[in-house]
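First the structure, in the form of structure tokens, and then the observations on it.
Laid out in structure tokens, this is it:
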């Protein structure tokens, strides 16, 4: 094996802890090169222990690929946490069945029972095919999804010490990338339950608690393991990405005492001619929410070089997909999946009946149930009257479709499932990753992505891949001309509906309607009826957004990315989990909301490699005063 490069000081410190038999955590801020350190730790661990298996656990399939591209070895497994845990419990089918039953039982079940089933003790006695891990949950059929894998693994590792011994014996090293995004139950398995086994291994964590911006993750709780001595901390304070102005701002935002400084590596991206780049940070504000004007100013008069058409260099960060949908022109599709009036009313009715312990006859028509609830809860009802509902819903979904579903039983309406995750989930899965779990896109949206992906392959001249992905046959020169005409006809979609494009792509062999698509239409007729009439151009706009062809991104989605120019829009929308006013004033009714907002803002600011602009619509004097402290008075501008 070739000699590895000179080790960083932090990597040497890590191996001092390893030699003492201690677990460790590498804490490093944004742009510090944590993945670089992780790869070098893996390389040295492989070199020093050539016969020892090593597991590297990451947060996404994309992160798996990133590490595998940097280093691969026969004794190295790189995997997502869900696949890693499932691979180590899936063969213990008796324990899985018993564990699931245990988790569905008792006064406070951790997994919900199948509806209408009080006694689950014999649920899996005749189960064929065993417990399976899928993208969806059908607990009665023994099919579990993401959340249940974590829950059942935590239960089994707690109950069966032998599982801990098997896993520790198999992997001498287990390294966790982006540990702050790990579920608390997973950390408890690795640092608490593992203690029940006498087998020896090392668990190492790499990440940054300040970048913990998701729900249901270990986040700041991890500090308890450091305080208790279960892990030894190593701090990586350098910053290889950001210019000095962004580093200074980020240090003011951090709340954990870690202060970053520019890297001493003269080849670091943020160095130029032996000196760290200065960069530019600016706080813009106005009395109106006018993003288009801001973009124009950045592209022309305020700064030169901001090219919003170059999406690899320039990014606009909003808090939510909802705020972006109208700007990126897929609002119609988004509102179908996020704000359907029948789905919203159905859920409100169910919540109201549950709160009042009201026994609802679900075999009545949806229309009759609405009238019944109006009558039962007349004073405090949040529900619209039948006439109000008719008017609103008919305007939204059309009179014909509404009348068709208004007479269906409430139990039928309950089967309708619409979620924005089914539309905008962006966990990409290639053909080679079909066995992996994680994408929440429904099969209608996946089919539309296949159509557009095939069109994109053709437009990019990747003809061999295009032919493999389609049923189109090219035998003669005339077939190539015919194909060109077909692609152009599909591409000319200003007035074509989604249904028309699906049918055309099917008939021309560009994307055949497969079993998954047909099953979706059969099992989700309401969703298909709503989506099929939308202009296909809206889906193209959604595709471009999710594939990174637009300057727009959510602030969450950009985590881990970097761009020359970053525009951060501080607009809460209707999201209660974040409060940008509290971020600048330091006051909030919820410390959790304040902390979450600080971390999200830190992540956004540290994406910038050259220039950072933060835009705040209609700030008050307190906000402007704090902005001047953080950005410098000369860098705070009204526009």
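In the working numbering, the protein residues as written are 1 to 639.
For every residue, glycine included, the Cβ atom is placed at its ideal position computed from N, Cα and C.
None of the values given here were measured: they were computed from a predicted structure.
Counted as a single uninterrupted DSSP element, the alpha helix (DSSP H) harbouring residue 18 occupies residues 9–19. When DSSP reads this structure, residue 282 sits in a beta bridge with 613. Inclusion of residue 176 and residue 205 in the CB contact set at 8 Å is warranted, their separation being smaller than that value. Contact between the segment 534–554 and the segment 577–589 is absent: fewer than three C-beta pairs spanning the two stretches fall below 8 Å. Boundaries for residue 91: no alpha helix (DSSP H) harbours it, and the DSSP string shows neither H nor E there. In terms of Cβ geometry, residue 106 and residue 152 do not form a close pair [threshold 8 Å]. Taking the C-beta atoms as reference points, residue 32 is found no nearer than 8 Å to residue 180. Between residue 314 and residue 308 a beta carbon distance of about 5 Å is seen, short of the 8 Å cut, so the two are scored as contacting. Per DSSP, reduced to three states, the secondary structure at residue 271 is strand.
Taken in chain order, the whole beta strand (DSSP E) runs of length 3 or more contained in the segment 113–197 are 173–177. In the DSSP assignment, residue 234 forms a beta bridge with 26. Taking residue 130 as the centre and dropping the five residues before and after it, the same chain places the C-beta of 93 closer than 6 Å to its C-beta, in chain order. The C-alpha of residue 529 lies about 29 Å from the C-alpha of residue 114. In this structure residue 27 touches residue 236 by the C-beta definition: roughly 7 Å separates them, less than 8 Å. The distance from the Cβ of residue 578 to that of residue 596 is about 6 Å, consistent with a contact at the 8 Å cut-off.
A Cβ-Cβ separation of about 6 Å places residue 202 in contact with residue 23 under the 8 Å criterion. By the C-beta density criterion, residue 275 is exposed, having fewer than 16 other C-beta atoms within 10 angstroms. When the five nearest sequence neighbours on each side are left out, the beta carbons in the same chain lying within less than 7 Å of the beta carbon of residue 132 are those of 142 and 143, in order along the chain. When the Cα atoms are used, residue 97 and residue 188 turn out to be separated by approximately 22 Å. Sixteen is the threshold: since fewer than 16 other Cβ atoms of the shown chains lie within 10 Å of the Cβ of residue 481, the residue is exposed.
When secondary structure is reduced to three states using DSSP, residue 55 falls in the strand class.
Secondary structure at residue 608: strand, using DSSP grouped into helix, strand and coil. Just so you know, the alpha carbons of residue 356 and residue 365 end up roughly 21 Å apart. When beta bridges are read from the DSSP output, residue 227 appears opposite no residue. The C-beta of residue 636 has 16 or more other C-beta atoms within 10 Å across all chains shown, which makes the residue buried.
In the DSSP assignment, residue 636 falls within the unbroken beta strand (DSSP E) covering 636–638. When rounded, the separation of the alpha-carbon atoms in residue 608 and residue 467 is 40 Å. Segment contact: the segment 240–255 against the segment 275–288, three or more CB-CB distances shorter than 8 Å; contact assigned.
In its chain, beyond the 5 residues on either side, 194, 197, 199, 200 and 201 have a beta carbon closer than 8 Å to the beta carbon of residue 168.
Judged by DSSP in its simplified three-state form, residue 326 adopts helix. In this structure, DSSP gives residue 359 a state outside helix and strand, which the three-state scheme calls coil.
With a cutoff of 8 Å on beta-carbon distance, residue 37 and residue 8 are scored as near each other. Taking C-beta atoms as the reference points, residue 639 and residue 284 count as a pair closer than 8 Å. A Cβ-Cβ separation of about 20 Å leaves residue 155 out of contact with residue 119 under the 8 Å criterion.
For residue 204, the uninterrupted beta strand (DSSP E) segment begins and ends at 202–207. DSSP places residue 243 in the coil class of the three-state scheme, outside both helix and strand.
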